[in-house]
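In case it helps, the numbering used here puts the sequence shown at residues 4 to 170.
No residue lacks a Cβ here, since even glycine has one placed at the ideal position from N, Cα and C.
To keep things clear, I will list the structure first and then write my remarks on it.
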Amino acid sequence: MQKNSDTGSVRLFSHHIYWSLIPVTLIVLLDEFLKYRGITTLPTEGEVASQGILQFAIHQNWGIAFDIPFKLELVILFSVLIGLGLAHAAYKNWKQHPNITVATLMILIGALGNLYDRIVYGFTVDYIILFERSAINLSDIVIVTGVFFLLWLSRRAKNKDHTLTKE
Numbered sequence: 004m005q006k007n008s009d010t011g012s013v014r015l016f017s018h019h020i021y022w023s024l025i026p027v028t029l030i031v032l033l034d035e036f037l038k039y040r041g042i043t044t045l046p047t048e049g050e051v052a053s054q055g056i057l058q059f060a061i062h063q064n065w066g067i068a069f070d071i072p073f074k075l076e077l078v079i080l081f082s083v084l085i086g087l088g089l090a091h092a093a094y095k096n097w098k099q100h101p102n103i104t105v106a107t108l109m110i111l112i113g114a115l116g117n118l119y120d121r122i123v124y125g126f127t128v129d130y131i132i133l134f135e136r137s138a139i140n141l142s143d144i145v146i147v148t149g150v151f152f153l154l155w156l157s158r159r160a161k162n163k164d165h166t167l168t169k170e
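Shown next, in the form of structure tokens:
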């Protein structure tokens, strides 16, 4: 039997998925640029006259998800605590479950974009208005994508465990 003398190549290949965090980070940086530009150029949500599925206007989210109102200090504290929990989960899964780490870091990177808004502007800047009701930004999309990826991985792991117990 032939042995692979280059153990580093196997290890590196198994962690190639971490490169996917580069475009995720670039998306959140683009989001911050769009927020900054949007605050200076886009109308506020109330000033938009046209109706439709998609609009671009500034919505100031003073609370947490779905505009649930909370004091800014509590939102920042809550965000930091969740961020620390996500960082811990990413660290714990770094070697054994790189996909879980990537999904967790996607959520964390998106959350950092929104946390930056809260610290700099005092609110989260949303600029994509959907169906005249929902206001989101690219960081929100990164967070939701990370959550769906994590749920998909969890479901896949359950199906794999279920298949193994049947055998």
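Ile71 counts as exposed, since fewer than 16 other beta carbons sit within 10 angstroms of its beta carbon. Within the DSSP secondary-structure output, Leu133 pairs in a beta bridge with Leu57 and Ser137. Between Ser157 and Leu118, the C-beta gap is not smaller than 8 Å, which leaves the two residues out of contact.
In the DSSP assignment, His100 forms no beta bridge with any residue.
If you draw a straight line from the Cα of Thr43 to the Cα of Phe73, it comes to about 26 Å.
Burial check for Gly41: the Cβ neighbour count within 10 Å reaches 16 or more, so the residue is buried. Here the alpha carbon of Ile112 sits roughly 8 Å from the alpha carbon of Ile146.
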